[in-house]
Amino acid sequence: MASNPAFGAQLRAWRLARHLSQEGLAARAEISARHLNFVENGRANPSREVVLQLAAALDVPLRERNTLLTLAGFAAGYRSGSLDRDELAHLRRAVAHVLRQQEPYGAFVINARWDVLDANAGARRLMQQFPPSGEGGRAAAGNMLLSLLHPEGLRPYVVNWLEVASALMVRLQRDVAASPGDERSKLLATALAMPGVPASWRAPSLGLAVAPTLVVHLRNAQVDLQLFSMLTTIGTPLDVTADELLIETYFPADEATDRALRALADGEPSAAG
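Per my numbering, the very first residue in the sequence shown carries number 2; after that it's consecutive.
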């Protein structure tokens, strides 16, 4: 098999993103530093086993492990595709249970690129209170981040928009920096191109401290809500779709918001505050 410089370059990018020397990575992957050097420089071809050892040592997400395998000349090792596949039936039931348990509060199922895959009734009620105001906002509604940033999406309703958006952009920039070649780089470019986005966001703020709990303050003429969210991941998956699955749950940050959300669930108009 001819050597593939693209594999070596991608491997090196992952190693640098993890702030590891060749010696450090070789020790983690239990291979010789000499062999790793040859692989990175395109002078040697890794076996499939070595590719997987290196990917595991670098904590590479499953989608990118498939990319590394393909670049090295091997078939992808992890399945991917729709969440509706038969083999993910147990996962879908578990996710549906989590969504039901979150009522009357909101919960969204999203992927690593922040696309909305599903939502519970509480989330749908919440979004009905803050509808997009134009075609651009409706197009952005399928992505949690782009909906927040779009001037016709959630942005006009978020009282502390700059604080919330800045924190999420730092999180996205960190994700992109930690995952070379990840599709989230396209999401970052789209986000930075949004109208009214501060020019300062174009310079990565990876060292900026972000509060462990971020309150989102939503307000319209009828309701005034303060919410915080939590992200839940799927543990030790062997499937790309499952590996990228996240459940974002929203909780009231004060008693007034709790009463307002419960009133919405009961079909009663109510304003928090």
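Don't be surprised by glycine CBs; every beta carbon is placed ideally from N, CA and C.
Remember, it's a predicted structure, so these values are computed and weren't measured experimentally.
Same chain, Cβ closer than 8 Å to residue i, neighbours up to 5 away in sequence not counted
i    : result
E104 : N121, A122, G123 and A266
N221 : Q130, F131 and Y158
A14  : P181 and G182
Q11  : T68, L69, L72, P181 and G182
N161 : V216, V217 and H218
Element boundaries [alpha helix (DSSP H), containing residue i]
i    : result
V99  : A90 to Q102
M145 : M145 to L150
G25  : Q23 to A30
T191 : R185 to L193
D240 : Counting along the chain, D240 falls outside any alpha helix (DSSP H), and DSSP gives it neither H nor E.
E277 : Because the chain spans 2 through 274 in this model, residue 277 falls outside it and cannot be assessed.
Cross-strand partners of residue i (DSSP beta bridge)
i    : result
L219 : V159 and L226
I248 : V110 and T233
D87  : Answer is none; D87 lacks a bridge partner.
A120 : F109
R80  : D240
P253 : L228
Endpoints, beta strand (DSSP E) assigned at residue i
i   : result
A45 : Segment: none, A45 is in no beta strand (DSSP E) and carries neither H nor E.
P6  : P6 -> not in any beta strand (DSSP E); alpha helix (DSSP H) instead, spanning P6 to A18.
Residue i - DSSP class collapsed to helix/strand/coil
i    : result
L59  : coil
D259 : helix
A73  : coil
A204 : coil
S33  : coil
Cβ neighbour criterion (16 or more within 10 Å) applied to residue i
i    : result
H20  : exposed
E65  : buried
N67  : buried
D244 : buried
D60  : exposed
P133 : buried
P199 : exposed
H98  : exposed
P47  : buried
M145 : buried
Contacting residues, own chain, Cβ-Cβ under 7 Å from residue i (five flanking each side not counted)
i    : result
T234 : L247
P6   : G43
L37  : Q23, L26 and A27
L155 : F131, S148 and L149
Own chain partners of residue i with C-beta closer than 6 Å, once the 5 adjacent residues on each side are dropped
i    : result
L188 : R114
R16  : L26
V281 : It is not possible to answer for residue 281, since the shown part of the chain is limited to 2 through 274.
A238 : Checking the sequence shown, residue 238 turns out to be Pro, not Ala. Here the set comprises D244.
G78  : L70
L63  : Y79, V241 and D244
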